[in-house]
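Asker: Residue numbers (this note's numbering): 195 to 647.
Glycine included, each C-beta is placed from N, C-alpha and C at the ideal position.
All values derive from a computational prediction rather than experimental measurement.
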Amino acid sequence: MKRVLALFSAFVIVTSATLSSPVSAGIPFFGKNDEQPTLAPMLEEVTPAVVNISVKGKREVRQRLPDALRFFFGPNAPREQVREHPFQGLGSGVIIDAENGYVVTNNHVIDDATEILVTLKDGRELDAKVIGTDERSDVALLKIENAEGLSEIELGKSSELRVGDFVVAIGNPFGLGQTVTSGIVSALGRGGLGIEELENFIQTDAAINSGNSGGALVTLDGKLIGINTAILGPNGGNIGIGFAIPSDMMNNLVQQLIEFGEVRRGVLGVRGNDLTHDVAQALNIPVNRGAFVSQVIPGSAAAEAGIESGDVIIEVNGQAIRSFSELGALVGSIGSGQDIELGIIRDSEEMTVDVTLGSQDTAVTAAAIHPALEGATLAVASGQQGIEITELEERSPAARIGLEEGDIIQGVNRKRVTSVADLRAAIEDKQGVIALNVKRGDSSLFIVLRNAN
Numbered sequence: 195m196k197r198v199l200a201l202f203s204a205f206v207i208v209t210s211a212t213l214s215s216p217v218s219a220g221i222p223f224f225g226k227n228d229e230q231p232t233l234a235p236m237l238e239e240v241t242p243a244v245v246n247i248s249v250k251g252k253r254e255v256r257q258r259l260p261d262a263l264r265f266f267f268g269p270n271a272p273r274e275q276v277r278e279h280p281f282q283g284l285g286s287g288v289i290i291d292a293e294n295g296y297v298v299t300n301n302h303v304i305d306d307a308t309e310i311l312v313t314l315k316d317g318r319e320l321d322a323k324v325i326g327t328d329e330r331s332d333v334a335l336l337k338i339e340n341a342e343g344l345s346e347i348e349l350g351k352s353s354e355l356r357v358g359d360f361v362v363a364i365g366n367p368f369g370l371g372q373t374v375t376s377g378i379v380s381a382l383g384r385g386g387l388g389i390e391e392l393e394n395f396i397q398t399d400a401a402i403n404s405g406n407s408g409g410a411l412v413t414l415d416g417k418l419i420g421i422n423t424a425i426l427g428p429n430g431g432n433i434g435i436g437f438a439i440p441s442d443m444m445n446n447l448v449q450q451l452i453e454f455g456e457v458r459r460g461v462l463g464v465r466g467n468d469l470t471h472d473v474a475q476a477l478n479i480p481v482n483r484g485a486f487v488s489q490v491i492p493g494s495a496a497a498e499a500g501i502e503s504g505d506v507i508i509e510v511n512g513q514a515i516r517s518f519s520e521l522g523a524l525v526g527s528i529g530s531g532q533d534i535e536l537g538i539i540r541d542s543e544e545m546t547v548d549v550t551l552g553s554q555d556t557a558v559t560a561a562a563i564h565p566a567l568e569g570a571t572l573a574v575a576s577g578q579q580g581i582e583i584t585e586l587e588e589r590s591p592a593a594r595i596g597l598e599e600g601d602i603i604q605g606v607n608r609k610r611v612t613s614v615a616d617l618r619a620a621i622e623d624k625q626g627v628i629a630l631n632v633k634r635g636d637s638s639l640f641i642v643l644r645n646a647n
């Protein structure tokens, strides 16, 4: 287990809270005699859309070779060997589109699987295939083959949740079969946990156990508002702190997976951190929570929209922003080219800014393009003049070959490049020596690097 955070192949959300006055608490359903509150009518509608997922596959396992064996084979002997080991796993999933057989689950439930079997509540077992995954947010979309007579869960708006709302979780803990539990929303916008790269979790006091990841978190009227994902537990068991991916975030990602087979993530183009009380007081900012912008990347969507360093982003499309990680998760789940409205505070005044999100191509780490460029951060220069070095680490490989912050790469071997994709393609196509055509202030120069290929 990594730290005290656990991802399970399946996961359920429960609470130990008892309701002394359940009717006044808002539970809307009653039994036949209208005397005892019950969630049974809602669950009878919803539970057929929650499925059990079993997977099989093989994973590579690296094993260090004994020193004696390496000595026997000499200095050129490999230091480790790679073997494939079979694995099996269990999890949960949610049918969100009965007509097309689409099932949402967690990426870690089906990662590396070569066989995926979906078991419905009525006992039917159906094969499924992967449509697309997003490892950074731990979302995966499956399609059930030859599906007929499926049920689906209506999608709710997680942005409308409030702390204290009652929720119900459905999943497959420990492979027992479908299990239903209940709880409340304990917190919203949880991030910085180190579970996923993009974190904007709903926290609940649910009892979460192994086997429930990918299961449904629903409201009392049976609408899907989260995909159960992980727990906080020192021994892998429930301590009443569980996390679910919000339905709004999941739906943004799923729509991209359906359309493109991949996530084409939107990029705002800002750097910053959480707004603290000290910073708010020093800058006379009338709020204590939000995403403080310390830097705007030149040529980015934020720069084009007029976002400035020192701005505090407090809303995205009307949804409150509590931290910089929450801003990153929300924007990162929205597709590139999409229009969003940001609520910001500038000079103690609230205002709104319309932004058209860029793509991941607008700002990347250069090491992904060529090892000699490691330490540089790239972005499209304003006016599409080339690729600007927006940041450069001291004594990095990129600095050692002569690049400087503010340089604009305009070509590769005299072939013009106007996007990061152009630069990547031009370098990949070249063998041997590569000459970057660089503009530095009013001067032009060549910087030579050798292709690792």
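#1: Report yes if the C-beta distance between S286 and G371 is below 7 Å; otherwise report no.
#2: Where are the beta strand (DSSP E) runs, 3 residues long or more, that stay fully inside the region 318-351, in chain order?
#3: Considering only the alpha carbon of each residue, which of I389, K417 and S376 lies closest to I402?
#4: Find the nearest neighbour of Q282 within the set L237, V547, D399 and V249, judged by alpha-carbon distance.
#5: Under the three-state reduction of DSSP, which class applies to R594: helix, strand or coil?
#6: Tell me the DSSP secondary structure of L233 in three-state form.
#7: Check whether the region 315-330 touches the region 348-356, taking contact to mean three or more Cβ pairs, one atom from each stretch, closer than 8 Å.
#8: Pull up the distance between the alpha-carbon of L477 and that of H471, whole angstroms please.
#9: When we look at the beta-carbon of N340 and count the other beta-carbons within 10 Å, is it buried (16 or more) or exposed?
#10: Is the region 431-443 close to the region 303-321, with three or more CB pairs under 8 Å?
#11: Taking a contact to mean a Cβ-Cβ separation below 7 Å, would you say V525 touches G466 in this structure?
#12: Closest by CA to A485, which one among L382, V240, S517 and I595?
#13: Take the Cβ of E346 as the centre, count every other Cβ of all protein chains shown within 10 Å, and call the residue buried at 16 or more, exposed below.
#14: Provide the residue span of the beta strand (DSSP E) that contains V627, from first to last.
#15: Quick one: residues in its chain with C-beta nearer than 6 Å to the C-beta of G580, no 5 flanking neighbours on either side, listed in chain order?
#16: Compare the beta carbon distance of P492 and E582 with 7 Å and say whether it is the shorter of the two.
#17: Let me know if A557 comes out buried or exposed under the rule of 16 or more other beta-carbons within 10 Å of its beta-carbon.
#18: Return the residue from the list L469, G455, A619 and A593 that minimises the CA-CA distance to G529.
#19: Using only the alpha-carbon positions, how far apart do I509 and Q475 sit?
#20: Quick check: the Cα distance between R483 and K417, rounded to an integer number of angstroms?
Answerer: The structure says:
#1: Indexing the sequence shown from 1 puts residue 286 at position 92. Indexing the sequence shown from 1 puts residue 371 at position 177. For S286 and G371, no; Cβs fall outside 7 Å.
#2: As far as the region 318-351 is concerned, its whole beta strand (DSSP E) runs of at least 3 residues are 319-328 and 333-338.
#3: Within the sequence shown, the letter at position 208 stands for residue 402. Residue S376 is the option with its Cα nearest to I402.
#4: The residue you call residue 282 lines up with position 88 of the sequence shown. The residue among L237, V547, D399 and V249 with its C-alpha nearest the C-alpha of Q282 is V249.
#5: Taking the sequence shown and counting its residues from 1, one reaches residue 594 at position 400. Looking at R594 - three-state DSSP - the assignment turns out to be helix.
#6: Translated into positions along the sequence shown, residue 233 becomes position 39. Correct three-state label for L233: coil.
#7: With contact defined as three or more Cβ pairs closer than 8 Å, the region 315-330 and the region 348-356 are not in contact.
#8: Taking the sequence shown and counting its residues from 1, one reaches residue 477 at position 283. Taking the sequence shown and counting its residues from 1, one reaches residue 471 at position 277. For L477 and H471, the distance between alpha carbons rounds to 10 Å.
#9: Residue numbering aside, residue 340 sits at position 146 when the sequence shown is read from its first letter. By the 10 Å Cβ count, N340 comes out exposed.
#10: Between the region 431-443 and the region 303-321, the count of C-beta pairs closer than 8 Å stays below three; the two stretches do not touch.
#11: Here residue 525 corresponds to residue number 331 of the sequence shown, with the count starting at 1. Here residue 466 corresponds to residue number 272 of the sequence shown, with the count starting at 1. No.
#12: Start at 1 with the first residue of the sequence shown, and residue 485 comes out as number 291. Residue S517 is the option with its Cα nearest to A485.
#13: On the sequence shown, residue 346 is found 152 positions in, with the first residue counted as 1. So E346 ends up on the buried side.
#14: Walking along the sequence shown from the start, residue 627 turns up at place 433. Bounds of the beta strand (DSSP E) holding V627 are V627 to R634.
#15: By 1-based counting over the sequence shown, the position of residue 580 is 386. Here the set comprises I602, I603 and Q604.
#16: Within the sequence shown, the letter at position 298 stands for residue 492. Within the sequence shown, the letter at position 388 stands for residue 582. Yes, these two residues count as a Cβ contact at 7 Å.
#17: For the purposes of this step, residue 557 is taken as residue 363 along the sequence shown, with counting starting at 1. Its pLDDT being 49, under 50, A557 is placed unreliably in this model, and the value from its coordinates should be taken loosely. Burial is judged here by how many other beta carbons sit within 10 angstroms of a residue's own beta carbon; A557 has at least 16 and is buried.
#18: Sequence index remark: in the sequence shown, residue 529 carries index 335 (1-based). Comparing Cα positions, the closest option is G455.
#19: On the sequence shown, residue 509 is found 315 positions in, with the first residue counted as 1. On the sequence shown, residue 475 is found 281 positions in, with the first residue counted as 1. Residue 509 is actually Glu in this sequence, not Ile. Each residue's CA atom was taken as its position, placing E509 and Q475 some 20 Å apart.
#20: As a first step, residue 483 must be located in the sequence shown, where it is residue number 289. As a first step, residue 417 must be located in the sequence shown, where it is residue number 223. The C-alpha of R483 lies about 29 Å from the C-alpha of K417.
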